[in-house]
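Asker:
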Amino acid sequence: LRIQRRPDGSLQHPPVPAVWADKDAPVDYVVASGDGTVFSYVVHHAPKVPGRTLPFVIALVELDEGVRMLGELRGVEPDDVQIGLPVRATY
3 LRIQRRPDGS
13 LQHPPVPAVW
23 ADKDAPVDYV
33 VASGDGTVFS
43 YVVHHAPKVP
53 GRTLPFVIAL
63 VELDEGVRML
73 GELRGVEPDD
83 VQIGLPVRAT
93 Y
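Residues in the sequence shown are numbered consecutively from 3, following this note's numbering.
#1: Considering only the beta carbon of each residue, do valine 69 and leucine 13 sit closer than 8 Å?
#2: Just to confirm before moving on: does the CB-CB distance between alanine 34 and leucine 65 stay below 8 Å?
#3: How is the beta strand (DSSP E) around aspartate 37 delimited, first residue to last?
#4: Quick one, which of Ile5, Gly77, Tyr93 has its alpha-carbon nearest valine 29's?
#5: Could you please give the first and the last residue of the uninterrupted beta strand (DSSP E) stretch that includes glutamate 74?
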């Protein structure tokens with residue numbers, strides 16, 4: 003998992019395409035730990051999604067690096083999810 007680093011050192015997610023930046027501006031990325039906490043979430047009950055079992059959880063996760071990412075939480079029951087729950091990105 004890589005996060006775009008701006009010239010001032012701050013992190014940007016989602017990344018801004020390099021074509022939007024000045025051609026001379028460096029494009030840099032840092033490797034994220036993948037660790038974070040649930041910042042917000044929603045439990046999807048309906049409508050049905052082809053190939054998916056309902057319900058499932060979509061969470062906004064704040065990574066330890068300070069940026070937020072949206073993704074599906076797997077391996078946890080919807081009733082067990084709460085704000086602040088520690089999570090780790092997997093692929």
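Positions of the beta carbon are idealized from the N, C-alpha and C atoms, including for glycine.
Answerer: Result, derived from the coordinates:
#1: yes
#2: Yes, the Cβ-Cβ distance between alanine 34 and leucine 65 is below 8 Å.
#3: 37-46
#4: Ile5
#5: Secondary structure note for glutamate 74: its beta strand (DSSP E) is the uninterrupted segment 70-75.
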